[in-house]
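Since the structure comes first, as structure tokens, the remarks are kept for the end.
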Amino acid sequence: ICTITLSSGSGSCNTAFDSAVSQLITASYVGSESHAASTGTTTVVIGLNPTTLTLSASPNPSTALQSVQFQVTVSPAAATGTVTLTSGETTICSKSFSSGAASCTYIFTASNPSQVVTASYAGTNAYGASSDQVTVVVNP
């Protein structure tokens, strides 16, 4: 990862990892005329960047057979991937998002006073999963 020049017996370096990992780091000192060679190891755990997902529906309330527009925002906007919207066992849509935003339209065919819709982002090797829910009232 890096080579360090020691000063008064210590030194440091900075590095970056592009995904969540558990990385074993080994440091080796080759020794000198007055000091013996040595090696040490440590494990560094790099976590996922957290995400926040926000879901909204419009119009809400709606009526049966009316188009409902779902708007999804994923933060930070640098996160990439796909968001999936479900209602019970029904997948409403699955969309790739860019710049942290995605939208889809769905038509509920029957009235239901409390249609719970869940938006889920599974995350990536760099960004954590997140989800949100909205209750859509579907009048007759």
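Residue numbers for the sequence shown follow the working numbering, so the first one is 58 and each next one is one higher.
Note that beta-carbon positions come from the ideal geometry of N, C-alpha and C, so glycine has one too.
No experiment lies behind these values; they were computed from the predicted model shown.
In the structure shown, Gly145 falls within a coil segment according to DSSP collapsed to helix, strand and coil. Taking a C-beta distance under 8 Å as the contact criterion, Phe165 and Val129 do not qualify as a contact pair. Listed in chain order, the non-local C-beta contacts of Ser119 below 8 Å within the same chain comprise Val125, Phe165, Val193, Val194, Val195, Asn196, local neighbours out to five positions each way being set aside.
When the five nearest sequence neighbours on each side are left out, the beta carbons in the same chain lying within less than 6 Å of the beta carbon of Val87 are those of Ala94, in order along the chain. One alpha carbon belongs to Thr109, the other to Thr143, and they sit about 18 Å apart. From the listed residues Ser188, Thr137, Ser64, Thr62, the smallest Cα separation to Val173 is found for Ser188.
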